[in-house]
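So the structure is just underneath, and the comments pick up after that.
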Amino acid sequence: METLPLTEPVLLILLSLAEEPRHGYSILKDVEQMSDGRVCLSTGTLYGALRRLLEDDWIQRVEQKDTSRGKQAYRLTARGRRNLQFEVDRMKQLTRLANLRVAAKEA
Amino acid sequence: MRAVYDWLLRLYPDDYRRRFGEEMGLVFEQAQSERANQGPGVLTAFYCREIAGLFRGAWQEHLREFSNRRFAMRTQFRFPKTTPILMALILAGVVLAIQKGAAIQASLPDVNPPVGPIHQAEHGFLPVIVLLLAPFYAAGLIGWVILFALRRSGSHRLDATASGQR
Numbered sequence: 001m002e003t004l005p006l007t008e009p010v011l012l013i014l015l016s017l018a019e020e021p022r023h024g025y026s027i028l029k030d031v032e033q034m035s036d037g038r039v040c041l042s043t044g045t046l047y048g049a050l051r052r053l054l055e056d057d058w059i060q061r062v063e064q065k066d067t068s069r070g071k072q073a074y075r076l077t078a079r080g081r082r083n084l085q086f087e088v089d090r091m092k093q094l095t096r097l098a099n100l101r102v103a104a105k106e107a
Numbered sequence: 001m002r003a004v005y006d007w008l009l010r011l012y013p014d015d016y017r018r019r020f021g022e023e024m025g026l027v028f029e030q031a032q033s034e035r036a037n038q039g040p041g042v043l044t045a046f047y048c049r050e051i052a053g054l055f056r057g058a059w060q061e062h063l064r065e066f067s068n069r070r071f072a073m074r075t076q077f078r079f080p081k082t083t084p085i086l087m088a089l090i091l092a093g094v095v096l097a098i099q100k101g102a103a104i105q106a107s108l109p110d111v112n113p114p115v116g117p118i119h120q121a122e123h124g125f126l127p128v129i130v131l132l133l134a135p136f137y138a139a140g141l142i143g144w145v146i147l148f149a150l151r152r153s154g155s156h157r158l159d160a161t162a163s164g165q166r
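If you read the protein sequences in the order shown, they are chains H and W.
Following our numbering, the residues of the first sequence are numbered contiguously, the last one being 107.
Following our numbering, the residues of the second sequence are numbered contiguously, the last one being 166.
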C-alpha cells in the first residue's frame, strides 16, 4: 500500500490525475511538464506505480468502450483524492515551517 | 526497437504482462517517436532509461509476486480452527492428571512398602514376537498420526492448486 509521505513520482502522477482522467502517455508528458523536465518517468516506473495505486484503490481505470486496450485512461478515486489532499496539506505545513525557520535564521 | 521492448517485457510476471504489456508498448512507441525528433543523444538517454526501468520494474514485480505466493502457502498450512480448543483440552487433562497424582501421593503413608525377591521373568515365544514388532507398530502409528494431521491441515489440496495453476 502507498503510504504518506509519497515519493515524488507518485505524487506527480496523482497530481496529474487530479485534474482529469489521463492515458499513460499523457501522464508521462504531464509529469515531465509539471517538474520542468526534472522527473522523466520510464514506462516501467510509471506502470509499476499505476499498478500499486490501482491495487490500493487510489486510482481506477476509466471504462471506455470506444478506445483500444492500449489507450486505457485512469482517474483518481475518492480515496486517492482524499489521500492526495492529506499529502498536500502536510507539504504546506512543512513549507510554512521551513520558511519560518529559514527567515528566522536570516534575520 | 519495439521488438526489443516487447522481448524485455517477458521479464515481467505473466499476469502483469497480460494486464499492462500492450499498454506499456503503446506508450513506449509514442514516447519514442517524440524523442526521435530531439536528436540521437536524447533518444539514447531515453532507451537507457526505459531498459533500466524495465529491469527494475520486473525485479520489483517478481519480488511482489514471490511474497504474495509465500503468504498464500502459509494460509494453506494453517491449523484448523478446532486445534486451539483441542490443545486447551489436552493441556487441561495433563494439569488435572498432575494434580490428581500429587493428591494420591499426599494421601499415601510415607513409608516404603516391602519389596519381595525379584525373580527373573520367563518369556514365552509370543511376548518376544510382540516386543520385536512393537517398534514397527509404533512407527506405523506415528505415520498414521502425521498423515491424519496433514490431511486436517489441508495440505493435500496444494497438489490440486498447483495443477490448477498450470
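For each residue, glycine too, the CB sits at the ideal point set by N, CA and C.
Mind checking if residue i is an interface residue toward chain H, Cβ cutoff 7 Å exclusive?
{"i": "residue 24/W", "result": "yes"}
{"i": "residue 50/W", "result": "yes"}
{"i": "residue 147/W", "result": "no"}
{"i": "residue 43/W", "result": "no"}
{"i": "residue 54/W", "result": "yes"}
{"i": "residue 66/W", "result": "no"}
{"i": "residue 30/W", "result": "yes"}
{"i": "residue 20/W", "result": "yes"}
{"i": "residue 57/W", "result": "yes"}
{"i": "residue 4/W", "result": "no"}
{"i": "residue 94/W", "result": "no"}
{"i": "residue 166/W", "result": "Interpretation of residue 166/W is limited by its pLDDT of 42, a score under 50 that renders its predicted location unreliable; the figure taken from the coordinates is listed afterwards. Chain H contact via Cβ: absent."}
{"i": "residue 27/W", "result": "yes"}
Determine which residues share a DSSP beta bridge with residue i and list them.
{"i": "residue 60/H", "result": "75/H"}
{"i": "residue 150/H", "result": "The question about residue 150/H has no answer, for chain H in this structure spans 1 to 107."}
Can you tell which of the options has the C-alpha that lies nearest to the C-alpha of residue i?
{"i": "residue 25/H", "options": "74/H, 35/H and 88/H", "result": "74/H"}
{"i": "residue 12/H", "options": "85/H, 63/H, 62/H and 78/H", "result": "85/H"}
{"i": "residue 32/W", "options": "16/W, 49/W, 17/W and 13/W", "result": "49/W"}
{"i": "residue 52/H", "options": "104/H, 9/H, 106/H and 90/H", "result": "9/H"}
{"i": "residue 61/W", "options": "63/H, 50/H and 61/H", "result": "50/H"}
{"i": "residue 172/W", "options": "22/W, 11/W and 149/W", "result": "With chain W covering 1 to 166 only, the question about residue 172/W has no answer from this structure."}
{"i": "residue 52/W", "options": "62/H, 41/H and 56/H", "result": "41/H"}
{"i": "residue 62/H", "options": "17/H, 7/H, 30/H and 5/H", "result": "17/H"}
{"i": "residue 83/W", "options": "144/W, 153/W and 2/W", "result": "153/W"}
{"i": "residue 24/W", "options": "57/W, 44/W, 117/W and 139/W", "result": "57/W"}
{"i": "residue 45/H", "options": "31/H, 103/H, 57/H and 58/H", "result": "31/H"}
{"i": "residue 29/W", "options": "1/W, 145/W, 44/W and 16/W", "result": "1/W"}
{"i": "residue 22/H", "options": "87/H, 72/H and 101/H", "result": "72/H"}
Using a Cβ-Cβ distance under 7 Å, would residue i count as near chain W?
{"i": "residue 111/H", "result": "Residue numbering for chain H in the displayed model covers 1 to 107; residue 111/H lies beyond these limits and cannot be assessed."}
{"i": "residue 72/H", "result": "yes"}
{"i": "residue 48/H", "result": "yes"}
{"i": "residue 92/H", "result": "no"}
{"i": "residue 20/H", "result": "no"}
Positions along the region 22 to 39 of chain H whose CB lies within less than 7 Å of some CB in chain W | 24, 25 and 28
Exercise. If we count Cβ pairs, one from each stretch, closer than 8 Å, do we get three or more for the region 29 to 48 of chain W versus the region 57 to 67 of chain W?
Worked result: no
Is it true that the region 2 to 17 of chain W meets the region 86 to 98 of chain H, where meeting means three or more beta-carbon pairs spaced less than 8 Å apart?
-> No: fewer than three Cβ pairs fall under 8 Å.
Got a sec: which bits of the region 5 to 16 of chain W sit with their beta carbon under 8 Å from any beta carbon on chain H, in order along the chain?
16
Short of 8 Å Cβ to Cβ, which residues in the region 52 to 65 of chain H face chain W? none
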